[in-house]
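Take a look at the structure set out below.
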Amino acid sequence: MPSSKIQLRISTPTGPVKSGRGFYQLDEESLFVQIGLFTEKKHFFNYLENDCVLFDLDRTGQLIFIEISKAKRHWIIDDFLTSPTDAETADIRWLNFREKLPDVLIKTDNNFEIVKLEFQKNNSPLYFIISESVLVETDHAHSLTAVWVTSYEEDAGGQYIKRFRRRQRRAKSYLD
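Residues -6 to 169 in this note's numbering are what the sequence shown spells out, letter by letter.
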């Protein structure tokens, strides 16, 4: 039986904040969020999922991709939802990434600009930045309580996500 909590290991980051971007695929009615650049050493290894959310993880347990397959017209609109402002940068590893994700509430603000994947209520949250537009929310025992996507853009036919990946590959080639 799957655990109802996802445990995380949180440590000091060893590099800059990763690029990351959300793209709502209009034709598929799904939100794709890429975290960092896929490389030969950093690519899909395993996943966590439930009926409407998929997290792809690399071999080290880092989150590299999120897919929300529930159309945004079915997300819960929260009039008071705002992005957390007190987040710190961290290196986060999923420890039990062969488990099933717990049920999730998918919340958004009135303008559909922010997405919160809420796995459990948290009265005393800690927030951690894992990419330019993705935050992880935990409790004090480092159990995952939510994942925030703080910005995304609508994308028809995958054009914007394709451009984003191309720019990331080009930028990486200058660093090598």
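All C-beta atoms in this analysis are idealised placements derived from N, C-alpha and C, irrespective of residue type, glycine included.
Burial state of residue i (16 or more Cβ within 10 Å)
i, result
"E130", "buried"
"V46", "buried"
"T7", "exposed"
"K155", "exposed"
"S124", "buried"
Simplified DSSP assignment, three categories, for residue i
i, result
"F105", "coil"
"F25", "strand"
"K155", "helix"
"R14", "strand"
"K100", "strand"
"R2", "strand"
Of the listed residues the options, nearest to residue i (C-alpha basis)
i, options, result
"F105", "R66, E60 and S12", "R66"
"T143", "R159, R160, F121 and T7", "F121"
"E60", "L94, A83 and L74", "L94"
"Y182", "F38, R159, R2 and D148", "The shown model of the chain, from -6 to 169, leaves out residue 182, and the question about it has no answer."
Proximal residues to residue i (C-beta, below 7 Å), its chain only, five neighbours per side dropped
i, result
"L98", "I69 and E111"
Cut-off 6 Å between Cβ atoms - residues of its own chain near residue i, not counting five sequence neighbours on either side
i, result
"I(-1)", "L137"
"S62", "S23 and C45"
Cut-off 8 Å between Cβ atoms - residues of its own chain near residue i, not counting five sequence neighbours on either side
i, result
"D71", "K100, T101, D102 and K109"
"S126", "G13, R14, G15, V26, V142, T143, S144 and Y145"
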